[in-house]
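Encoded as C-alpha cells, the structure appears first; notes follow it.
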Amino acid sequence: MRVYKKLLPFFAISAIIAGLSGCSQRINALNETAKLAFLGSEDVVLPPEQISANPYASIYVKIEDTPQAFVVLAFAEPKTSLSAVKKVPEALELKWLSADKGMLVTVNGRLVKTHNLLTGNLSAVESDDPDPLLLGLHLSNTPKFWTRTLDWQPGYHYGYKAKSEFKLIAEENILINGFPTQALHFSEYVSVDTLNIQYQNDFWLDPQNGNVLKSRQKIAPNLPFIDITLLKPFAA
C-alpha cells in the first residue's frame with residue numbers, strides 16, 4: 003500500500019491563505035496568490051508573522067518575468083523520482099499545489115516534476131546515482147559531478163542526458179522571510195550535449211544540514227527558470 007501524508011486538501015488552499023488576513027480586500031488578493039498561473043501584476047510578499055501563522059509549509063515561487071506567488075505544501079510522499087538510486091538518505095517528494103491545479107514537486111529543493119504550468123512541464127528526472135543535493139553538498143566528500151536523464155513537454159523530449167558540475171561560489175547572507183540568513187551558494191553547471199544547451203542552476207544551502215533554502219533552476223533545458231524560496235519548512 004502506498005503511504006503518504008496529506009497535508010492540505012486542494013480545495014482548501016485558497017481558504018487557508020485567506021484565513022491569514024482579516025481584511026476582505028486582502029483576502030481576495032491572497033486568494034489570487036495561490037495560483038501558479040501568475041495572472042497578477044505584482045510580486046506577492048507576505049509579512050513574516052502571516053507566514054508563521056500559517057500551519058503549512060510554504061514557498062515563494064517565481065517563473066522568470068512573472069510575478070512572485072505564495073504557495074503552500076499539500077502532500078509529502080515517499081520519493082518516486084530518482085527511483086533507481088540505492089542507498090541514499092531517506093527523502094520525501096514535497097508536492098506544492100496551487101488553486102488552479104498547478105503543481106511543483108521537489109526533493110530536498112531539487113525540482114523533479116511539474117504539472118499544469120503554462121510554460122511547459124518537467125515530466126521526470128532519473129539517475130542511477132544520487133543527487134549531490136540529497137547527499138549534502140555542504141559535505142566535503144559529496145561528489146561534485148552528476149548525470150541524470152530529463153523528460154519534459156511540450157514536445158516529445160524523453161531521456162535527454164544532462165551532466166552537472168557543482169561549484170561552491172561563496173558563503174552569503176540571503177533574505178528569507180524578511181530575515182538575513184547565512185547560506186552556502188553553490189552553482190550547478192548543466193550541459194545537455196545532444197541539444198548543445200548549457201545553463202546554470204543556483205542553490206543556497208543551510209551550512210549546517212545542506213537543506214536547500216533558495217534556488218534558481220531551469221524547469222527543463224528549453225523552458226524558463228523558476229525561483230523557489232523556502233519560507234516555512236516541512237516538519238514531518
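Mapped onto my numbering, the consecutive letters of the sequence shown carry residue numbers 3 to 238. From the three backbone atoms N, C-alpha and C, an ideal C-beta is built for every residue, glycine too.
Exercise. Do the segment 156-167 and the segment 176-183 make contact, defined as three or more Cβ pairs closer than 8 Å?
Worked result: no
Exercise. Starting from Q184 and walking both ways along the beta strand (DSSP E), at which residues does that stretch end?
Worked result: F181 to V194
Exercise. Hey, how far is the Cα of Q27 from the Cα of P50?
Worked result: Note on Q27: pLDDT 32, under 50, position unreliable in the model; the coordinate value appears next. Their backbone Cα atoms lie some 19 Å apart in a straight line.
Exercise. If you measure from the beta carbon of I53 to each beta carbon in chain E, is any gap under 9 Å?
Worked result: As a matter of chain content, chain E is missing from the structure shown, which is built from one protein chain.
Exercise. Who pairs with Q202 in a beta bridge, going by DSSP?
Worked result: Y191
For this session: Check the DSSP bridge columns for Y162 and list the partner residues they point to.
Result: L152
For this session: Indicate whether V109 and D131 have their beta-carbon atoms separated by less than 9 Å.
Result: no
Exercise. By DSSP, does I53 sit in helix, in strand, or in coil?
Worked result: helix
Problem set entry | Cβ-based neighbour list, P235, same chain, cut-off 8 Å, excluding 5 preceding and 5 following | A59 and N213
Exercise. Who are the near neighbours of L207 in its chain, counting only those whose CB is closer than 7 Å to its CB and skipping five residues on each side?
Worked result: L139, H140, A185, L186, F188, N213, V214 and L215
For this session: Measuring alpha carbon to alpha carbon, tell me which of T231, S125 and L137 ends up nearest T183.
Result: T231
Exercise. Rounded to a whole number of angstroms, what is the C-alpha to C-alpha distance between L41 and D67?
Worked result: The predicted position of L41 is uncertain, since its pLDDT is 45 and thus under 50; no value can be drawn from it.
For this session: Within its chain, find whatever has a CB closer than 6 Å to the CB of V107; leave out the 5 residues flanking it on each side and keep chain order.
Result: E95, K97, V114 and K115
For this session: Go through its chain and collect everything with a Cβ distance to L225's Cβ below 7 Å, but skip five positions before and after it.
Result: T121, G122 and W154
For this session: Classify P69 as helix, strand or coil using the three-state DSSP reduction.
Result: coil
For this session: Thinking I61 and I228 are a contact (beta carbons under 8 Å), I'd like their distance in whole angstroms, please.
Result: Not quite, the Cβ-Cβ distance comes to about 11 Å (not below 8 Å), so this is no contact.
Exercise. Would you say Q202 and V194 are within 9 Å of each other, going by their C-beta atoms?
Worked result: no
Exercise. Using DSSP with H/G/I as helix, E/B as strand and the rest coil, what is L141?
Worked result: coil
Problem set entry | V127 versus S142, T82, N143 and F147, residue with shortest Cα-Cα distance | T82
Exercise. Leaving out the 5 sequence neighbours to the left and right, which residues in its chain are closer than 7 Å to M105 when beta-carbon positions are compared?
Worked result: K97, W98, L99, T116, H117 and N118
For this session: Quick one: grab the DSSP three-state call for P134.
Result: helix
Problem set entry | Limits of the unbroken beta strand (DSSP E) element including I230 | F227 to K234
Exercise. Buried or exposed: where does F72 fall if 16 or more other Cβ atoms within 10 Å of its Cβ makes it buried?
Worked result: buried
For this session: Determine the closest residue to Q169 out of Y158, W148, Y160 and L152, with distance taken between C-alpha atoms.
Result: Rather than Gln, the amino acid found at residue 169 in this sequence is Lys. Per the Cα distances, W148.
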